[in-house]
């Protein structure tokens, strides 16, 4: 094989390899050598004023094949990857029970709810707004970060209060923080559906405090006209086999039951809007 023919084929190989590595978004990558050979008025073409030879035809064929492959790759990517960025969102604003402390992300309750939504074929995305150790005051301070147009929040599920109770914070302060969360959400978008966990605290806080804490949630639900989700840890709290070593946070199986409890309350509401 002549040196000139080897040079031509090297240029063709370079163009094909570059395409296999990356299809550039703004166009299709071709080696600089191949580009010179293919450019109208190039020295190779103009010098002899003759029809393209077999090597030039081969270069064109390789170039067109690479372009076709790139277009096919881009089409498959856009067709097979669902874009949920603009889907209506369910925001779980909570603490470690929402975040899934001690679990993988896909094992947390919001992720399990997302799986159930996907099984229904509903166009909804779940935002896990859980932060371990957060109180109602902390949730209130973070709320604006989630209430942004690009998040497209249509449902807010308030799962805060457990850490207020564990720290013995005033129930009146907890209730006021929840009022502000609801008020701020409605000021942002009055069409957002708001739900809230019914929570309980440990009896070690004293019967009077525990009772006032428990009653705060149904009282707020009635006052603010929001939907109350039954105690999500029903059947889980107090059972060693369903909780992690700290006896507070549910393990994988306990979280699965927790997600089932939540789903029973929210599924009819979500279904009505589909």
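In our numbering, the protein residues as written are 1 to 274.
Glycine included, every Cβ here is placed at the ideal spot set by N, Cα and C.
Inter-residue CB distance, residue 248 and residue 197 (contact presumed, cutoff 8 Å): Actually they do not touch by this definition, with Cβ atoms about 15 Å apart.
Unbroken stretches of the alpha helix (DSSP H), 4 residues or longer, contained in the stretch 134-201: 136-146, 162-166, 171-188
Between the CA atoms of residue 170 and residue 164 - distance to the nearest angstrom: 8 Å
Through-space distance from residue 106 to residue 139, alpha-carbon basis: 22 Å
Cβ-based burial, residue 159 [other Cβ within 10 Å; buried from 16]: buried
Segment contact flag, the stretch 95-104 with the stretch 120-136, C-beta cutoff 8 Å, min 3 pairs: yes
C-beta contact flag for residue 194 and residue 224 at 9 Å: yes
Residues that residue 298 bridges to, as DSSP identifies them: What the structure shows of the chain is the stretch from 1 to 274, and residue 298 is not part of that stretch, so it cannot be assessed.
Of the listed residues 143, 201, 119, 118, nearest to residue 231 (C-alpha basis): 201
Spatially closest choice to residue 272 from 122, 91, 115, 118, by CA coordinates: 122
Nearest neighbour of residue 257, chosen from 233, 269, 156, 240 [CA to CA]: 233
Presumed contact (8 Å Cβ cut-off) between residue 143 and residue 184, rounded CB distance: 6 Å
Reference residue 261; option with closest CA among 96, 93, 116: 116
For residue 268 and residue 191, the rounded distance between their alpha carbons: 18 Å
Buried or exposed (CB count within 10 angstroms, at least 16 for buried), residue 135: buried
Per-residue DSSP class, three states only, for residue 203: helix
Sequence-distant residues of its chain with Cβ nearer than 8 Å to residue 47 (five each side left out): Residue placement at residue 47 is flagged as unreliable, the pLDDT there being 45, under the threshold of 50; the coordinate-derived value follows with that caveat. Cβ within range, chain order: n/a, list empty.
Rounded separation between residue 92 and residue 181 - CA only: 13 Å
Paired residues, beta bridge with residue 243 - DSSP: 250
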